[in-house]
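Read top to bottom, the protein sequences are chains A and B.
Just so you know, we're using my numbering here: the first sequence kicks off at 1 and counts up by one.
Just so you know, we're using my numbering here: the second sequence kicks off at 202 and counts up by one.
Just so you know, even glycine gets a beta-carbon here, dropped at the ideal spot from N, CA and C.
Remarks on the structure that follows.
Protein chains: 2
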Amino acid sequence: MQPAATTSKGAATRDSIIERAVQIVRKEGFEGLSIGTIAGSVGMSKSGVFAHFGSREELQLAVLDAAAQRFTEQVFLPAIREKRGLTRLLAIGSRWMKWLRSEQGGCPMVSAAIEYDDRPGAIRERVIFYQTRLRKELSRAIAMAVETKELRADTEPEQLAFEIFGVELAMHHDSRLFGFDEAIVRSERALQRLVDSYRAR
Amino acid sequence: MQPAATTSKGAATRDSIIERAVQIVRKEGFEGLSIGTIAGSVGMSKSGVFAHFGSREELQLAVLDAAAQRFTEQVFLPAIREKRGLTRLLAIGSRWMKWLRSEQGGCPMVSAAIEYDDRPGAIRERVIFYQTRLRKELSRAIAMAVETKELRADTEPEQLAFEIFGVELAMHHDSRLFGFDEAIVRSERALQRLVDSYRAR
């Protein structure tokens, strides 16, 4: 009869299932994730896992939500403490690159975009939701750097957001195949060059 | 006793297995491909498929080889007929974007890079081989545009190749999630802006 404690224990179990699920997704992709494999992996029964996640898809969506939350906490929230304008924009870009290092097995959102881009359904919709939100937040940071007159007045925020996104994707790709250290040098330089090409003179 | 005809028929069968395998990979990823599923799908016995591909991995590698060959034929070879320098470089970039449209279910090389970036083995090695070659060919086209004095003398070909690669990855990502028509407008503009920022004045 201690509902708070029960809830808190339940939440902790839920979190540890998600944490393990993230590790599986990084190795095997979202299709490699099942209630059965996760149950075996955390030492629970399948029905125990089902008590937390009603379906495999619900668990897959929880992995996406967790990745998006980590990204917000590690990239956007610290960057928002930086001075608005170019400083904040570059902080977002740079923290994003470093975040990719912390994602040891690759970013779950990038994996999901590849795995579900041609499979209509809840996972694809969730990826689109987060990617749209990310692009909007990035565009907003760019618009602020236009307001501060650091970027040119004719800068189209959505266009530059697309271009920054490309640099981050190339960073993700190269760091996974050719090594982080070489990739981050190229990416930092690419971001700097890109922003410079939009800079007000 | 007609070895030539047999070989030609054998090659045709092999090609049709690969073609079907490419379709499966686009839908299910490389991990979704098995000798069993492909046999059922082309109406052959498993041992019939094994006569052409000694293992699942061999079949997966053949899919990568086929994708690389299509890319060479549809992007690089036509572009090489263009005038060397900036014209050729932009032709490569632009044909690359359009090639992504023809890859209805997404580019197998991008999928493989995501699926195998943390799994050591023959597939990962093959992806690295092709990605290294692609980056070298792109760098060579850039170096020519420096020789023709269209791009600045201090242009670092590998850096610009990385940046162009980022635009193509963003094109791949956006066209799959948000639609080809919007993505190609952004990508064409991104490529043009990028190259302009390296242009000799």
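Candidates B/R400, B/G211, B/V223, B/R394, of which the one nearest B/S303 by Cα
B/V223
Give a yes or no on whether the minimum CB-CB distance between A/L160 and chain B is below 7 Å.
no
Going by alpha carbons, who is nearest to A/V167 out of A/D154, A/E115, A/R189, A/L61?
A/R189
According to DSSP, is B/R400 helix, strand or coil?
strand
Hey, how far is the Cα of A/E111 from the Cα of A/A68?
The sequence shown places Ser at residue 111 of chain A, not Glu. Rounded to the nearest angstrom, the two C-alpha atoms are 13 Å apart.
Rounded to a whole number of angstroms, what is the C-alpha to C-alpha distance between B/E220 and A/M109?
29 Å
Contact check, B/V226 vs B/I236, beta carbons under 7 Å:
no
B/A344 at chain A interface by Cβ criterion, 7 Å:
no
Here's the rule I'm using: 16 or more other beta-carbon atoms within 10 Å means buried, otherwise exposed. How should B/V386 be labelled?
exposed
With 7 Å as the threshold, decide whether the Cβ of B/V368 is near any Cβ in chain A.
yes
Go to B/G294, then tell me how far its alpha helix (DSSP H) extends in each direction, as first and last residue.
287–303
Please classify B/E274 as buried or exposed, where buried requires at least 16 other C-beta atoms within 10 Å of its C-beta.
exposed
Throw me the rounded Cβ distance for the B/G306 and B/K228 pair, which I believe falls under 8 Å.
6 Å
My assumption, with CB atoms under 8 Å, is that B/A346 sits in contact with B/L262. Please give the rounded CB distance.
34 Å between Cβ atoms; not a contact.
Identify which residue in A/A183, A/F165, A/A79, A/R201 has its Cα closest to the Cα of A/R152.
A/R201
Tell me the rounded alpha-carbon separation between A/L134 and A/E57.
23 Å
Mind reading off the beta-carbon distance from A/L100 to A/M171? Whole number of angstroms is fine, and I expect it under 8 Å.
6 Å
What does B/R387 reach in chain A if we use C-beta pairs closer than 9 Å?
E158, Q159, F162, E163
At a cut-off of 6 Å, is B/V250 close to the ligand ZN when judged by its beta-carbon and the heavy atoms of the ligand?
The model depicted lacks the ligand ZN and carries no ligand whatsoever.
So, with DSSP's three-state summary, where would you put A/A4?
With a pLDDT of only 43 at A/A4, under 50, the local geometry of the prediction cannot be trusted, and no value is derived from it.
With DSSP as the reference, please indicate the residues paired to B/L352 in a beta bridge.
B/R400
Using a C-beta cutoff of 7 Å, does A/L68 count as contacting chain B?
Residue 68 of chain A is actually Ala in this sequence, not Leu. A/A68 does not count as touching chain B.
Under 7 Å, Cβ to Cβ, is there at least one residue of chain A near B/P204?
Only weak support exists for where B/P204 lies, its pLDDT of 42 falling under 50; the value from the coordinates is given anyway. It does not; no Cβ of chain A falls within 7 Å.
For B/K284, three-class secondary structure by DSSP:
coil
Got a sec: is the Cβ-Cβ distance from A/S55 to anything in chain B below 7 Å?
no
Reducing DSSP to helix, strand and coil, say where A/E156 ends up.
coil
With DSSP collapsed to three states, give me the class of A/G29.
coil
Please confirm whether B/D355 has its beta-carbon closer than 7 Å to some beta-carbon of chain D.
Absent here is chain D; the protein component of the structure consists of chains A and B.
Residue interval of the alpha helix (DSSP H) (run including B/R257)
257–272
Would you kindly work out how many angstroms separate the C-alpha atoms of B/G244 and B/A252, rounded to a whole number?
14 Å
Bounding residues of the alpha helix (DSSP H) (the contiguous stretch that carries A/F50)
46–52
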